[in-house]
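K.L.:
Number of protein chains: 2
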Amino acid sequence: MSAYEDLMRFEHDTQALAQVAGRLGWDQETMMPRGAADQRGEEMAAIEGVLHARRIDPRMGDWLAQIDDATLDQVGQAQMRHIRKTYARTMKIPADLATKLARVTSRAQGLWAQARADEDVAAFLPVLEEVVALKREEGKALANGGDVYDAMVDDYEPEMTAAELAAMFDAMRPRLVALRAAVLAAEPPRALSGHFPSEMQMELTRKLAVTFGYDMRHGRVDKAVHPFSSGSGHDVRITTRTNELDPFNCFYSTIHEVGHGCYEQNIDDAYLLTPLGGGVSMGVHESQSRIYENQLGRSRAFTGWLYGQMRDSFGDFGIDSEDEFYRTVNRVHDGYIRTEADEVQYNLHIMLRFDLERALMAGDLQVADLEAAWNDRFSADFGYAVDRPSNGCLQDVHWSVGLFGYFPTYSLGNVYAGCLHEALRKAVPDLDDQLARGETGGATAWLRDNVQRHGGLFRPAEVIERASGRVPGPEPLLTYLEAKFAALYGV
Amino acid sequence: MSAYEDLMRFEHDTQALAQVAGRLGWDQETMMPRGAADQRGEEMAAIEGVLHARRIDPRMGDWLAQIDDATLDQVGQAQMRHIRKTYARTMKIPADLATKLARVTSRAQGLWAQARADEDVAAFLPVLEEVVALKREEGKALANGGDVYDAMVDDYEPEMTAAELAAMFDAMRPRLVALRAAVLAAEPPRALSGHFPSEMQMELTRKLAVTFGYDMRHGRVDKAVHPFSSGSGHDVRITTRTNELDPFNCFYSTIHEVGHGCYEQNIDDAYLLTPLGGGVSMGVHESQSRIYENQLGRSRAFTGWLYGQMRDSFGDFGIDSEDEFYRTVNRVHDGYIRTEADEVQYNLHIMLRFDLERALMAGDLQVADLEAAWNDRFSADFGYAVDRPSNGCLQDVHWSVGLFGYFPTYSLGNVYAGCLHEALRKAVPDLDDQLARGETGGATAWLRDNVQRHGGLFRPAEVIERASGRVPGPEPLLTYLEAKFAALYGV
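Chains as they are written, first to last, in our numbering: chain A, 1 to 491; chain B, 1001 to 1491.
1. For a contact meaning CB atoms closer than 7 angstroms, what does B:Ala-1036 contact in chain A?
2. Apply the 10 Å Cβ neighbour rule to B:Glu-1157 and answer buried if 16 or more other Cβ atoms are within range, or exposed otherwise.
3. Please classify B:Asp-1342: does DSSP put it in a helix, a strand, or coil?
4. Determine whether the Cβ of B:Gly-1049 lies closer than 8 angstroms to any Cβ atom of chain A.
5. Name the one or two DSSP bridge partners that B:Ser-1230 has.
6. Against chain B, does A:Val-20 count as a neighbour if the rule is that its beta carbon must be under 8 angstroms from one of theirs?
7. From what residue to what residue does the alpha helix (DSSP H) around A:Asp-62 run?
8. Touching or not, the segment 138–154 of chain A and the segment 353–361 of chain A, by the rule of three or more beta carbon pairs under 8 angstroms?
9. What is the DSSP secondary structure of A:Val-471, counted as helix, strand or coil?
10. Using beta carbons (cut-off 8 angstroms, strictly below), is B:Met-1031 in contact with chain A?
11. Going along chain B, which residues have a C-beta under 7 angstroms from A:Ala-16?
12. Determine the chain B residues that contact A:Leu-276 at a beta-carbon separation under 9 angstroms, and present them in chain order.
13. Determine which residues of the segment 306–324 of chain A have a Cβ less than 7 angstroms from any Cβ of chain B, and write them out in chain order.
14. Going by DSSP, name the residue or residues bridged to B:Val-1221.
15. If we count the other Cβ atoms within 10 Å of its Cβ and call it buried at 16 or more, is B:Pro-1227 buried or exposed?
16. Please name the residue, chosen from A:Arg-437, A:Val-344, A:Asn-347 and A:Leu-370, that lies closest to A:Gln-309 on a Cα-to-Cα basis.
17. In three-state terms, what does DSSP make of B:Phe-1273?
18. How do the segment 1021–1038 of chain B and the segment 1210–1230 of chain B stand: do at least 3 beta-carbon pairs fall below 8 angstroms, yes or no?
19. Taking 8 angstroms as the CB-CB cut-off, is B:Leu-1488 touching chain A?
20. Is the CB of B:Leu-1024 under 8 angstroms away from at least one CB in chain A?
21. For a contact defined as C-beta to C-beta under 8 angstroms, what are the partners of B:Leu-1272 on chain A?
22. In chain order, what residues of the same chain lie with their CB nearer than 7 angstroms to the CB of B:Tyr-1292, ignoring the 5 residues before and after it?
23. Between A:Ala-505 and the rest of its own chain, which residues show a CB-CB distance below 6 angstroms, the 5 nearest in sequence each way excluded?
24. Leaving aside the five residues before and after A:Gln-452 along the sequence, list all residues of the same chain whose C-beta is less than 6 angstroms from its C-beta, in chain order.
25. Could you check the C-alpha separation between A:Gly-219 and A:Gly-315 for me, to the nearest Å?
26. Is the beta carbon of B:Ser-1390 sitting closer than 8 angstroms to the one on B:Arg-1107?
27. For a test of the three-state rule: what should DSSP assign to A:Val-75, helix, strand or coil?
28. Report all residues from its chain with a CB closer than 8 angstroms to the CB of A:Ala-141; omit the five preceding and five following residues, and keep chain order.
29. Do you know offhand how far A:Arg-59's Cα is from A:Ala-65's?
30. In its own chain, which residues sit with a C-beta less than 6 angstroms from the C-beta of B:Met-1168, not counting the 5 before and 5 after it?
31. Strictly under 8 angstroms for the Cβ-Cβ distance: is B:Asp-1147 near chain A by that measure?
32. According to DSSP, is A:Arg-206 part of a helix, a strand, or is it coil?
33. Over the uninterrupted alpha helix (DSSP H) stretch that includes B:Cys-1419, give me the two end residues.
34. For A:Gly-383, which of A:Ala-417, A:Gly-405 and A:Tyr-336 has the nearest alpha-carbon?
35. Given that B:Asp-1013 touches chain A, what residues does it touch there, using C-beta distances under 7 angstroms?
36. For the alpha helix (DSSP H) containing A:Glu-286, name the first residue and the last one.
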């Protein structure tokens, strides 16, 4: 066998073991008995140890030295790009730094959850200092003299830079601020009223998942505290949650996760359990969840169909027409919490985090000053003051886990979704007629064929450019948002 | 660190990974999407590969050579006994034989399931021939010139021999045959009538699980095609099934699996994720499931309480008194299927399998003659002919998986349960008063303290002897069965 074949056999088992670790993660959030947490920690550590040992296995270095990528076909070259990148990254991080980071972030998550519950920023800051210091050390090891924050972004969005992200945000910011101000000055839509039993929400949410092309033969929908998608290939599971006063939380979390899940389910079977067998980047992943959730799921056409479904399930809930329902689904409202933000304001929440975490990593902002910096920026951007830490700098888990450079990929996903949506409208001219009948097949087939099936074959920006026919940028998203919300609010 | 400490650290991770593999097995039978089977096969193979590599890791041999067991305390010596035994077993099996066995038994299970569905013995025999040949080869490698079947029994019941089992069965056979004949000649009890909704069965079955001491903080009860218990320590899950015409199937499967599950949950926490942290043998495991299910769960006292619970849940179901209910629960009836057999006849089903599989392994019975041998023996033992293969030699999965030497441990469990029950009655004189109130705490605490908490600390027969105060033998079981069924049937 050639070195490439040996390497791909080895990678197959590594990928399979990574799937196993993912399955344990799913189990932990959905099925695991509460008292099993400590033992599960040991089990996870054991399998992570196996994965790490494989990533630094001496044979990896030998194979990589022997293989001449130029002799491989397009798929082989793409596989090698992923493998070389992961290997190089792993080898750059000293083993004791990786161990320290794992230990500190594990502790930090617990402290963060407690601090958020107690509204006690001071209880979280010491461990956050440790996390920031270790992440900066890691960033320096990865950056090889380059920009530390760039190196972190690259973990989630290969080849994206902080400078490009900053330029993107600069283009978005004034137009989103103006749109927000106009919309919030207008008459707000009516809110839902009534009671929406959890089991009936789950029934309709499973129907919505299937409506959006999620394959139940290769997946399942369960409840969890936080919605997520887990797994690749033939076993891709999603979760959602229910609030009996707010069924949109359940339905739109589901549609969002179905976007992630379909991406993983629809990757070409030839890439199963290979480095190409997962979504190519966080930004492209988020583009799928966002276009399912927003451009499709919150469209006038689709919400018209959903209104009928909800009337069938729940009877009268205080909304008298499809148009009124469409306005309610797309209600723009004040709020502190990123995950509850509407399409108009969501990216403003991200810009705040992007600027703060970039400053933390550059050493321009100290952890001790984080809360004040957050609160000042929030007041400046949103016009009202943060009332408590759980609505401010303690709201997100990310920093406690060491996820610096991750937040901007959410906005990148929105921007990519804007580009894809523009192209999709051209490719499927009767899209609204289809959506109005609850048919998403035209849209999801286009996304499958142009984005999802490729898995990791192309570079992130390349995937979007090939599918949308344009260099990715915020213009299509902004145009879409301005048109949609101007019409909705008559501004 | 000492070699013993190094070894125990290594074993800790091996045990944790084995738990992960077990969790995947549970998931496969309960939660896994149907279309994920192929991918799961790859995932399981990858983790089994990791486990195998650890079992033959060269460091294992070094540590074992360095450690002088005599310098260790009682627990350390017991750990070493398990580790040395597993290591010696692993090293005796040539790698290519292990690989072949894994491949052939995996294929055989599929062919068996299909053959059973098609009632087509001929379709199964060729692959069974392969399994038998490979198992005999494995047995010879393990036996080192000794008895092949003994070597197989030892895998499931350490230090038990076929000769001892044969002597045990010889003592049981005439008395069970006589008891069976007398009981079947008497008036049969009334059967249940009515419809028992699945969800209500599951509700009551979870109550029964908790009643028998199963800890839901470290476990859960789900539905699966076949009832089983899975996992050790703080994450021990059981399954059951429902038949809306026969709630006893659900309830007594649950109580049986709760016996297995409590054994695993109640092992001393000091042994968690070590070789002592699981049940010590199949026979001792089965003694726990059987005593929970039969001597406790099917007692007059407990069924009196259960009758009230079922009346509360299901209303009238055609049984008018506790006494009549007790007779119905303990109905002795003709039947082909081992897993549906009553206490009187169950061991006769095992003896049939024991003699046939022993002859197969000795080369005294050919696979081609298996069906005829089964059917002849069944007619002779039960007095009526097997009507179709799924009621005969195709009914059990065991041989397709390569489980030869496993069947007798079911009867051994019954025999052990008889010994433990005799001692338990002396230790807890008011046991029936407790059971009649639905309280099993007196019995389960005694079993926990005298059997379960020890995990793998003592040898199997030693556990039973320490707990029951007698050398294990069938007399207490037979005395119990004769007294119980003579009274029940007035014979």
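The beta carbon of each residue, even a glycine, is placed where N, CA and C say it ideally should be. Values in this document were obtained by computation on a predicted structure and should not be read as measured data.
P.N.:
Looking at the coordinates:
1. By Cβ distance, chain A contributes His-218, His-234 and Asp-235.
2. Buried, because 16 or more other Cβ atoms sit within 10 Å of the Cβ of B:Glu-1157.
3. Of the three classes helix, strand and coil, the one that applies to B:Asp-1342 here is coil, per DSSP.
4. True, the Cβ-Cβ gap to chain A drops below 8 angstroms.
5. DSSP output for B:Ser-1230 lists B:Arg-1237 as bridge partner(s).
6. Chain B, which has a Cβ nearer than 8 angstroms to the Cβ of A:Val-20, makes this yes.
7. It spans 58–66 - the alpha helix (DSSP H) in which A:Asp-62 sits, taken as one unbroken run.
8. By the Cβ rule, the segment 138–154 of chain A counts as touching the segment 353–361 of chain A, because three or more pairs are nearer than 8 angstroms.
9. Assignment of A:Val-471 by DSSP, reduced to helix, strand and coil, places it in the coil class.
10. Residue-level contact by beta carbon holds for B:Met-1031 and chain A, with a gap shorter than 8 angstroms.
11. Near A:Ala-16 (Cβ distances below 7 angstroms), the residues of chain B are Glu-1042, Glu-1043 and Ala-1046.
12. Listed along the chain, the chain B residues whose CB falls inside 9 angstroms of the CB of A:Leu-276 amount to none; the nearest CB is some 15 angstroms away.
13. Answer in chain order: no residues at all.
14. When beta bridges are read from the DSSP output, B:Val-1221 appears opposite B:Ile-1238.
15. B:Pro-1227 is buried by the Cβ-count criterion.
16. Minimum Cα distance to A:Gln-309 is reached at A:Arg-437.
17. Note that residue 1273 of chain B is Leu in the sequence shown here, rather than Phe. Note: B:Leu-1273 maps to coil in three-state DSSP.
18. Contact holds: three or more Cβ-Cβ distances are below 8 angstroms.
19. Cβ-Cβ to chain A under 8 angstroms: no for B:Leu-1488.
20. At least one chain A Cβ lies under 8 angstroms of B:Leu-1024.
21. What B:Leu-1272 touches in chain A: Gln-39.
22. Setting aside the 5 residues that flank it on each side, B:Tyr-1292 is surrounded in the same chain by Phe-1212, Ile-1255, His-1256, Val-1258 and Gly-1259, each with a C-beta closer than 7 angstroms to its C-beta; the list follows chain order.
23. Nothing in the structure corresponds to residue 505 of chain A, since chain A is present only between 1 and 491.
24. Within the same chain, A:Gln-452 has close Cβ partners Tyr-263 and Asn-266.
25. Straight-line Cα distance between these residues: approximately 30 angstroms.
26. Taking 8 angstroms as the Cβ cut-off, B:Ser-1390 and B:Arg-1107 do not qualify as a contacting pair.
27. Taken through DSSP and simplified to helix, strand or coil, A:Val-75 comes out as helix.
28. Only residues of its own chain outside the window of five on either side were considered, and among them Lys-92, Ile-93, Pro-94 and Leu-97 have a CB closer than 8 angstroms to the CB of A:Ala-141, listed in chain order.
29. About 10 angstroms.
30. Around B:Met-1168, the same chain offers Pro-1474 as residues with beta carbons nearer than 6 angstroms, after the five sequence neighbours per side are excluded.
31. So, not an interface residue.
32. Helix, per DSSP.
33. Start and end: 1407–1427.
34. A:Gly-383 has its Cα closest to that of A:Tyr-336, out of A:Ala-417, A:Gly-405 and A:Tyr-336.
35. The answer, in chain order, is Ala-46 and Gly-49.
36. It spans 282–290 - the alpha helix (DSSP H) in which A:Glu-286 sits, taken as one unbroken run.
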